[in-house]
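Just so we're aligned: 70 in the UniProt record's numbering is position 70 of the sequence shown, and the numbers increase by one with no gaps anywhere. Contents: one structure, followed by commentary.
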Amino acid sequence: MAKERTLSIIKPDATRRNLTGKINAVFEDAGLSIVAQKRMQLTPAQAGAFYAVHKERPFYNDLVSFMISGPVVVQVLEGENAVAKNRDVMGATDPKKAEAHTIRAQFAESIEANSVHGSDSAENAANEISFFFAETEILP
Ligand code: IDP
Ligand code: MG
């Protein structure tokens with residue numbers, strides 16, 4: 001399996017509780033390298049566009065409000081099989097269903113405030129990375 005990249009977001013519930021370092025340690029311990037990272041305040045337009053795929057879902061407006069409720073840390077993770085590996089270390093969307101060792105089981109507050117986002121396919125990863133980063137900002 002070749003090296004791959006995926007887009008990760010540490011969500012406002014986690015930055016608010018000062019968990020950026022603990023979450024980054026989980027990525028690094030799993031063999032994922034943080035090759036780009038920035039802390040930022042999303043605008044409503046950015047959060048809405050990023051989650052546009054969920055526009056018709058009942059939780060969309062709440063999700064956008066949550067994602068702009070405080071700073072996020074957007075990051076590019078790189079490693080073997082990075083998309084699937086990151087989904088594994090994140091755990092299930094609903095922390096009650098997430099396996100014990102995962103980020104969401106350890107840190108998430110709820111199905112909405114679930115501490116991390118991770119791309120769900122290589123194609124979405126490429127699109128989501130270019131949503132936040134120029135190629136020159138990614139430094140393996
Ligand atoms: P994922 O983040 O595990 O890929 P998605 O289904 O893509 O999950 O949903 C995107 C985000 O929307 C979730 O991470 C979570 O923050 C929020 N979300 C998903 N399902 C619900 C729900 O049933 N209620 C409230 N928020 C939800
Ligand atoms: Mg998703």
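For each residue, glycine too, the CB sits at the ideal point set by N, CA and C.
Item: Alpha helix (DSSP H) runs wholly inside the region 20 to 53, at least 4 long, in chain order; Value: 20 to 29, 44 to 50
Item: Three-state secondary structure assigned by DSSP to ILE9; Value: strand
Item: Element boundaries [alpha helix (DSSP H), containing LEU63]; Value: 60 to 67
Item: Straight-line Cα distance separating ARG39 from PRO71; Value: 7 Å
Item: Rounded C-alpha distance that separates GLU4 from ALA122; Value: 8 Å
Item: Assumed close pair ALA113, LYS11 - CB separation to whole angstroms, cut-off 8 Å; Value: 7 Å
Item: Separation of VAL89 from ARG104, as counted between CA atoms; Value: 8 Å
Item: heavy atom of ligand 2 below 7 Å from GLY62 C-beta; Value: One detail in the question is off: residue 62 reads as Asp in this sequence, not Gly. Outside the cutoff, so no.
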